[in-house]
Amino acid sequence: MKTQLKLSALFLSLTLAVIMPGCKKDEPLDEGNKKNIPTKFMVDIPSSLSRNESNKLKSITADTLNGNHIYHHLCTFIYVGEKAAEVVQALMIAISTHNINQAMSFSFVSNKDGRTKNVVVVTNSDYEGITWEFEMTITDALSQSNADGGKALQVFWNTNPIKGIAILKPYNIDRVEYANYPDPKYRVDYSEAGNLGYTAHMFVYLVDLPLANPLVDPYSMKTMKMFAGKNGNYVDVLGNSTHPNAKFFTTQTGFNYAFVASCNESSNIAVAELGLPLSTLNSSDRVVLLKDNSIENVFTTQIYQTWPSIDSASVAAYLFNTEAPGYFNSNGFVQGGIAPSSAYGDIEARMNLLSPYNPYDVTSLTISFK
251 MKTQLKLSAL FLSLTLAVIM PGCKKDEPLD EGNKKNIPTK FMVDIPSSLS RNESNKLKSI
311 TADTLNGNHI YHHLCTFIYV GEKAAEVVQA LMIAISTHNI NQAMSFSFVS NKDGRTKNVV
371 VVTNSDYEGI TWEFEMTITD ALSQSNADGG KALQVFWNTN PIKGIAILKP YNIDRVEYAN
431 YPDPKYRVDY SEAGNLGYTA HMFVYLVDLP LANPLVDPYS MKTMKMFAGK NGNYVDVLGN
491 STHPNAKFFT TQTGFNYAFV ASCNESSNIA VAELGLPLST LNSSDRVVLL KDNSIENVFT
551 TQIYQTWPSI DSASVAAYLF NTEAPGYFNS NGFVQGGIAP SSAYGDIEAR MNLLSPYNPY
611 DVTSLTISFK
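All you need for the numbering used here is the position in the sequence shown, starting with 1, plus 250.
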């Protein structure tokens, strides 16, 4: 899980206030306009489901498996996705702080890597079939002739209703801190337009993440697509993360963590269902992803492939906490299979209506700047 820890630290350090020190309009910002710059740009996921569980994680092997480890992994992957969204929210707050509310262009020398960054803000920009009130693009000046155009950050946003897209490439933001990470990009889409059945929702996309040495961390993430939607007291989360080196009880590698979950925000409880399909599986069928490829089914099949004569009672006891779904409270994973109390009934019903994405599509995920 070291890769995930590095990534969450990376996300927390990438804020516009850091990469754009002292850059703002000469004239003070009118407070009426300032209110039109959205500073809420993410859906908060309760800590029952999004938490750094790295200190509880161990490799999943025949000697050390504890069923709840797999759910701890899930919480950490969701945590990484939420950290990416937090960065984008910090960016929007910084846009407001730096009075960027009209077309402008300027350059500055980053105090992080000492390189010149160019900033261009335009109005009425078309992207992905939508006309956006604002588009801001930051590029690394010396890299603008590169294939990626030297683009470090691109943000599109509207103010009524609030919605936007942010795309980041850390390498072009800070060539010192991220010298060894030239490829990762991530994107966050946020909307308060009330579509998709939620008062607010977000999509988080992560691609080309660096893989750890599989002998050290076989579960490091390569790509991820995550959705979170909020309605009143409920937050629904679903998505997939791709782990090319992941393996369990056989030599087979390359799995998706395909998950759905629903949270009760006020009581900070959650219920989640997790499947482990192969990353190459080309299917969007909920039954295939979460039932046929449930943790229990995948682990059971692989255990019997490796140890055909193993005692079935031992296997059942060994995989006790892998039974779906998984239940969580403010302290994290509680148990699998049976709800701890009736308080989980409403969110379990919500979860049963959710479905992950096609693993093949998430494995093949790309992110492109305009």
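Where a beta carbon is used, it is the ideal one built from N, C-alpha and C, also for glycine.
Everything numeric in this text was worked out from a predicted model, so none of it was measured.
- 7 Å or more divides the Cβ of Asn532 from the Cβ of Tyr607.
- Of all C-beta pairs linking the region 358 to 374 to the region 469 to 487, fewer than three are shorter than 8 Å, placing the two stretches out of contact.
- When DSSP reads this structure, Met474 sits in a beta bridge with Leu456, Ser491.
- Distance from the Cα of Gly525 is smallest, within the candidate group Val537, Ala563, Val457, for Val537.
- Just measuring C-alpha positions, the residue of Ala402, Asn302, Val369 sitting nearest Ile617 is Ala402.
- Between Ser298 and Ala520, the C-beta gap is smaller than 7 Å, which places the two residues in contact.
- Fewer than three pairs of CB atoms, one per stretch, sit closer than 8 Å, so the region 329 to 345 makes no contact with the region 504 to 517.
- Considered as a whole, the region 500 to 577 harbours 505 to 514, 519 to 525 as its complete beta strand (DSSP E) runs of no fewer than 3 residues, in chain order.
- For Tyr484, the three-state secondary structure derived from DSSP is strand.
- Under the three-state reduction of DSSP output, Ser441 falls in the strand class.
- Counting the other Cβ atoms within 10 Å of the Cβ of Glu378 gives fewer than 16, which makes it exposed.
- Collapsing the DSSP output to three states places Asp376 in a strand.
- Under the three-pair Cβ rule at 8 Å, the region 493 to 501 counts as touching the region 468 to 484.
- In the DSSP assignment, Gln585 falls within the unbroken beta strand (DSSP E) covering 582 to 586.
- Under the Cβ criterion (8 Å, minimum of three pairs), the region 449 to 457 counts as touching the region 324 to 339.
- If you draw a straight line from the Cα of Tyr594 to the Cα of Gly587, it is about 12 Å long.
- Assigned with DSSP and collapsed to three states, Gly414 falls in strand.
- DSSP, reduced to helix, strand and coil, places Asp390 within a strand of the structure shown.
- Between the region 409 to 416 and the region 439 to 447, the count of C-beta pairs closer than 8 Å reaches three or more; the two stretches touch.
- Excluding its 5 nearest sequence neighbours in each direction, Met354 has C-beta neighbours in its own chain below 6 Å: Val371, listed in chain order.
- For Gln404, the three-state secondary structure derived from DSSP is strand.
- In this chain, the alpha helix (DSSP H) harbouring Ser346 covers 319 to 347.
- When only Cα atoms are considered, Asn547 and Trp557 end up about 15 Å apart.
- DSSP, reduced to helix, strand and coil, places Gly399 outside both helices and strands of the structure shown, so it counts as coil.
- In the DSSP assignment, Lys367 forms a beta bridge with Phe358, Asp390.
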